[in-house]
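Structure record follows, encoded as structure tokens.
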Amino acid sequence: MRQNTKKWMSVAAVGTVAMTTIVGCSDSKQSPAASTAASAPSQAAQTKAPQPQAPLDLNIMLPIFKTNYPKDDGPVVTEIEKRTNTNIHLEWVPNSSYPDKFNITLASGKLPHIIYVPDVKNPSFVNAVKSGAFWEVGKYMKDFPTLSQANQVILNNSSVDGKNYGVYRGRALGRNGINYRKDWLEAVGMQPPKTIDDFYNMLKAFKEKDPDKNGKDDTYGMVMVKWTGQWASSFDIIKLWFGSPNKWGVIGDKLVPEHQTPEYLEALKFMKKLYDEKLINQDFAVFDSAKWNDPVVNNQAGVIIDVTDNAARLDDKIHQVLAKEGKDKPDVHYIDNMIGVTGKNGLKALPTSGFAGLLAIPKSSVKTEEELKRVLKMLDQMNEPELTTLAGYGIEGKHYTKDGDAVVASKDTALLESEVEGLNQMLPFIPEDRGLKVKQTPLRLQTAKIQKEAEQFVVANPAEPFISSVYSQKGQQLDNVINDARIKFIVGQSDEAALLAAFETWKKSGGDDLVKEMNELYVASKK
1309 MRQNTKKWMS VAAVGTVAMT TIVGCSDSKQ SPAASTAASA PSQAAQTKAP
1359 QPQAPLDLNI MLPIFKTNYP KDDGPVVTEI EKRTNTNIHL EWVPNSSYPD
1409 KFNITLASGK LPHIIYVPDV KNPSFVNAVK SGAFWEVGKY MKDFPTLSQA
1459 NQVILNNSSV DGKNYGVYRG RALGRNGINY RKDWLEAVGM QPPKTIDDFY
1509 NMLKAFKEKD PDKNGKDDTY GMVMVKWTGQ WASSFDIIKL WFGSPNKWGV
1559 IGDKLVPEHQ TPEYLEALKF MKKLYDEKLI NQDFAVFDSA KWNDPVVNNQ
1609 AGVIIDVTDN AARLDDKIHQ VLAKEGKDKP DVHYIDNMIG VTGKNGLKAL
1659 PTSGFAGLLA IPKSSVKTEE ELKRVLKMLD QMNEPELTTL AGYGIEGKHY
1709 TKDGDAVVAS KDTALLESEV EGLNQMLPFI PEDRGLKVKQ TPLRLQTAKI
1759 QKEAEQFVVA NPAEPFISSV YSQKGQQLDN VINDARIKFI VGQSDEAALL
1809 AAFETWKKSG GDDLVKEMNE LYVASKK
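With the numbering used here applied, the sequence shown corresponds to residues 1309 to 1835, in that order.
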């Protein structure tokens, strides 16, 4: 049996330390075959029963989107431990600061047993991989029931120099798009937008035409969050509407970085217009992604550009708020979604790579091949339907009930946040999400449909498979130059001349070397 004292839990810089004690014990069973001679024990009695394997200690570092989070000794974590024979410590890091915490953790050398890697091309991660800091897991995954079913295309997309240094977290390829308040759009007498101009007019109406009908000037068009240069940037979706490449474009026979195209600049000017007219939140550059949904749920903003499956989550939250006020209409959808709007080159969508980061295993923490296989076994088990459901929705009867085969989540949001939400961050979803699902409402069915349709409109990054040594060394610095420049331009702290000057700084800071190397890799890939 296991005896628990308090486990230690940390979130970013906040942490408390205690001890976890594991005591293993087992009942011995006497052989049913008794010897007629008391002094001559049977052969079966002399054979020792196999000792149970001690639970595997696992420290796991994951992002969290809420200020509350599941504790180590919570009922769901405890049940996962029981089913996987593990002793889990979760190190939660606020999503908005996760990239910084990730780099600091890598530099410290004090790594958990499993660490979420948000960006496989992150220079810090690539350098760590090349120095031998992480296990290459691709050759082991074939030996496990679910991990062996990993998608080969996604394995390639998530590789470093053709090898896999983590278990990818599977996601829909055409997942990105627009989520908007359907009730607001109806209130201002408009149809769903089809063009960029329509989209702009929708945001303007959401600010100026009192879409929530409360008689106050207290709404705006779209909420955006802290810019990361990755998935959290609405701009990375919007720029494609204007014809910008996705990270890199092919012009002639050469790879060109997106910010060196006129379409990218046109998209930035559009974002500046939205900011100047107060159609987006003025604090977007520091707005925490943990609070991204709040303005839409609380009748402040009408649009979020993000993954389209967020529409159902937004809709659920609005229903919860209205139900508490006695104003809910259960059969009404307050949120709708769409792939995007058309620009001069038609409909364009930002693809995922088929995965959302890696669950990587450091060699400094997992020292032997035997231990590695136990860690992989745990990740393999998390793909089983029962464990996927457990990490996604909690324990039946406590955190959810069932309506047929559908999950009905508890309305106690504090309970779910403190015991369940966030645990799905350690789910690989390989070969797919096989856990129970919530009721497939019309909105959820529509989301699945448009995510599949979006695959024909995605703009691929032609440099996706390439690992650049220049970027590994200078990527963080180069990305910061571009991200800082575009924020300053949008908020009016710099003009177009200063923006273009920053692009020149990028070139002199290693950008020219990066372009040269990427083109060499591009040419080599064609041979």
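Virtual Cβ for every residue (Gly too), placed ideally from N, Cα, C.
For the options 1577, 1606, 1829, the alpha carbon positioned closest to that of residue 1527 is the one of 1606. According to the DSSP secondary-structure assignment, residue 1655 is paired through a beta bridge with 1650. For residue 1778, same chain residues with a beta-carbon under 7 Å away, outside a window of 5 residues either side, are 1818, 1821, 1822, 1825 in chain order. Contact between the region 1467 to 1482 and the region 1497 to 1507 is absent: fewer than 3 CB-CB pairs across the two stretches fall below 8 Å. Judged by their CB atoms, residue 1459 and residue 1743 are not nearer to each other than the 8 Å cut-off. The shortest C-alpha to C-alpha distance from residue 1772 to any of 1720, 1565, 1610 is the one to 1565. In its chain, beyond the 5 residues on either side, 1483, 1484 have a beta carbon closer than 7 Å to the beta carbon of residue 1615. Taking C-beta atoms under 8 Å as the contact rule, residue 1596 and residue 1675 fail to qualify, at a distance of about 37 Å.
Spatial neighbours of residue 1403 in its own chain (CB-CB distance under 7 Å, excluding positions within 5 residues in sequence) are listed in chain order as 1371, 1372, 1373, 1597, 1598.
In the assembly as shown, residue 1716 is an exposed residue. Its beta-carbon has fewer than 16 other beta-carbons within 10 Å. Exclusion of the five residues before and after residue 1619 leaves 1487, 1643, 1644, 1645, 1751, 1755 as the residues of its chain whose Cβ lies within less than 8 Å of its Cβ.
In this model, residue 1586 and residue 1617 are separated by some 27 Å (Cα to Cα). If you compare the alpha carbons of 1424, 1759, 1416 with that of residue 1687, the shortest gap goes to 1424. Between residue 1659 and residue 1768, the alpha-carbon positions lie close to 7 Å from each other. For residue 1556, the uninterrupted beta strand (DSSP E) segment begins and ends at 1556 to 1559. The Cβ atoms of residue 1433 and residue 1414 lie closer than 8 Å to each other. Of the candidates 1811, 1604, 1803, 1811 places its Cα closest to the Cα of residue 1788. Per DSSP, residue 1742 lies in no alpha helix (DSSP H) segment and is marked neither H nor E. Inclusion of residue 1625 and residue 1601 in the CB contact set at 8 Å is warranted, their separation being smaller than that value. Rounded to whole angstroms, the gap between the alpha carbons of residue 1450 and residue 1681 is 12 Å. From the listed residues 1447, 1610, 1677, the smallest Cα separation to residue 1517 is found for 1610. Beta-bridge analysis with DSSP links residue 1421 to no other residue. Secondary structure note for residue 1397: its beta strand (DSSP E) is the uninterrupted segment 1394 to 1402. In this structure residue 1730 is not in contact with residue 1420, their Cβ atoms being roughly 15 Å apart against a cut-off of 8 Å. For residue 1721, DSSP records no beta bridge to any residue.
Annotation: residue 1700 is outside any beta strand (DSSP E); the continuous alpha helix (DSSP H) that includes it extends over 1693 to 1701.
Contact between the region 1546 to 1556 and the region 1569 to 1583 is present: 3 or more CB-CB pairs across the two stretches fall below 8 Å.
When secondary structure is reduced to three states using DSSP, residue 1551 falls in the coil class, being assigned neither helix nor strand. Around the CB of residue 1699, 16 or more other CB atoms lie within 10 Å, so the residue is classed as buried. Annotation for residue 1532: 1542, 1588, 1592 place their beta carbon closer than 6 Å to its own, counting only its chain and skipping 5 residues before and after. Judged by DSSP in its simplified three-state form, residue 1603 adopts helix.
Between residue 1387 and residue 1703, the C-beta gap is smaller than 8 Å, which places the two residues in contact. Comparing alpha carbon positions, the residue from 1834, 1790, 1633, 1827 closest to residue 1557 is 1827. In the structure shown, residue 1618 falls within a helical segment according to DSSP collapsed to helix, strand and coil.
Contact between residue 1366 and residue 1422 is confirmed by a C-beta separation of about 6 Å, below the 8 Å threshold. Distances from the CA of residue 1689 to each of 1461, 1650, 1737, 1572 were compared; the closest alpha carbon is that of 1737.
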